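Going down the list, the sequences are from chains W and G.
For the first sequence, our numbering begins at 47 and goes up steadily by one.
For the second sequence, our numbering begins at 47 and goes up steadily by one.
From the three backbone atoms N, C-alpha and C, an ideal C-beta is built for every residue, glycine too.
Treat the numbers as computed from the prediction; the structure is a model and nothing was measured.
Here the structure comes first, spelled out in structure tokens, and everything after it is commentary.
2 protein chains.
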Amino acid sequence: MAKVEGLSAIDAGAVEAAQAAALPEEHMQLIVDTFQALGDLTRARILFALTKHPLCVRDLAILVGVSESAISHQLRFLRDRRLVRSRREGNTIFYTVDDQHVAMLFKEADHHVDHVRRGLPDHPYSGLPHKD
Amino acid sequence: MAKVEGLSAIDAGAVEAAQAAALPEEHMQLIVDTFQALGDLTRARILFALTKHPLCVRDLAILVGVSESAISHQLRFLRDRRLVRSRREGNTIFYTVDDQHVAMLFKEADHHVDHVRRGLPDHPYSGLPHKD
DNA sequence: TTACTATGTGAGCATATATTCAGATAGATG
DNA sequence: CATCTATCTGAATATATGCTCACATAGTAA
């Protein structure tokens, strides 16, 4: 019975199959949260760097090119979602990413970007508007 | 020479190593764009379903539970970034995801979520605010 | 042609989000 | 103690974003 607000399905079987294959709401939300965390240039740079070696707030600010405050806000965001860990060393606090899945996500996205670039005439998304 | 706006590095060597390992701005931006596309519940549901079988706009609207217009807007977004393709069949248009990297990204994010959940006392992010 | 169906589009709105600013906190040092 | 350093935080702001609404377009069928 694939119906919602009066809309009736064109291929009801396909809709029911998709509904059956769908992930539980809460689980999908956590996955989306993960992607969202990676979907910001500042956070992505932070995470990518931290998958290679630990860095403190100050050095992340220099590396990424934004204020220490901005870095700190983003680190709290990432800490709350367990994407980074921190360890204190005297007065400075070092952040790390010890979850290998984060590095894997970068690698897969990298492959995707290459894949898209290869199939196409020109760079970015070969000039946005695209049919077919 | 790791300096930016008067800030001097705490561990200059680490900053320079990170700078050397960093991805080119434009490339990282495309990776971020990919994550951003996946970092929305509506788009994630669309993409996840389409990695399994083609669906038309109407059926996606029913499946995801939003208006056909909203689906259409998101499909344009995804089409422009080459994350979905469309093929016309009479009056209805079927969308697909033929890039296996998209499915891999979901799988990796899924693993990450499991990893986070396992290491922790309670569910979501065990109640956001978190140190260490 | 006209009518119908499926999808696409632009404008407007309401919410989300990333940064800055000013100040607070925690540890180190004199 | 006071001072400095590194980090953190809340409020405010400016921008980005997702949806709705009304209408446009493309194909089908009478």
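- Listed in chain order, the positions of the segment 116-128 of chain G with a beta carbon within less than 9 Å of a beta carbon of chain W are Arg122, Arg125, Asp126, Arg127 and Arg128.
- Judged by beta-carbon spacing, Val112/G lies beyond the 8 Å limit of Ile139/G, meaning their Cβ atoms are not closer than that value.
- For Asp105/W, the C-beta contacts it makes with chain G under 7 Å involve Ala55, Ile56, Asp57, Ala60 and Val61, in order along the chain.
- Inter-residue distance for Gln65/G and Leu101/W is about 12 Å (C-alpha atoms, whole angstroms).
- Chain W places no beta carbon closer than 8 Å to that of Arg164/G, leaving this residue out of the contacts.
- In chain order, Met74, Gln75 and Val78 make up the part of chain W whose C-beta sits under 8 Å from the C-beta of Leu87/G.
- Taking a cut-off of 8 Å on C-beta distances, the segment 147-160 of chain W touches the segment 140-149 of chain G, as three or more cross pairs fall below it.
- Per DSSP, Ser113/G is not a residue of any beta strand (DSSP E), being assigned neither H nor E.
- Exclusion of the five residues before and after Arg127/G leaves Asp79 and Ala83 as the residues of its chain whose Cβ lies within less than 7 Å of its Cβ.
- If the five residues before and after Thr97/W are omitted, its C-beta is found closer than 8 Å to the C-beta atoms of Val143, Val148, Ala149 and Phe152, all from its own chain and listed in chain order.
- Val148/G has a beta carbon lying within less than 8 Å of a beta carbon in chain W.
- A Cβ of chain G is located within less than 8 Å of the beta carbon of Val159/W.
- Taking every protein chain shown into account, the CB of Arg164/W has fewer than 16 other CB atoms within 10 angstroms, so this residue is exposed.
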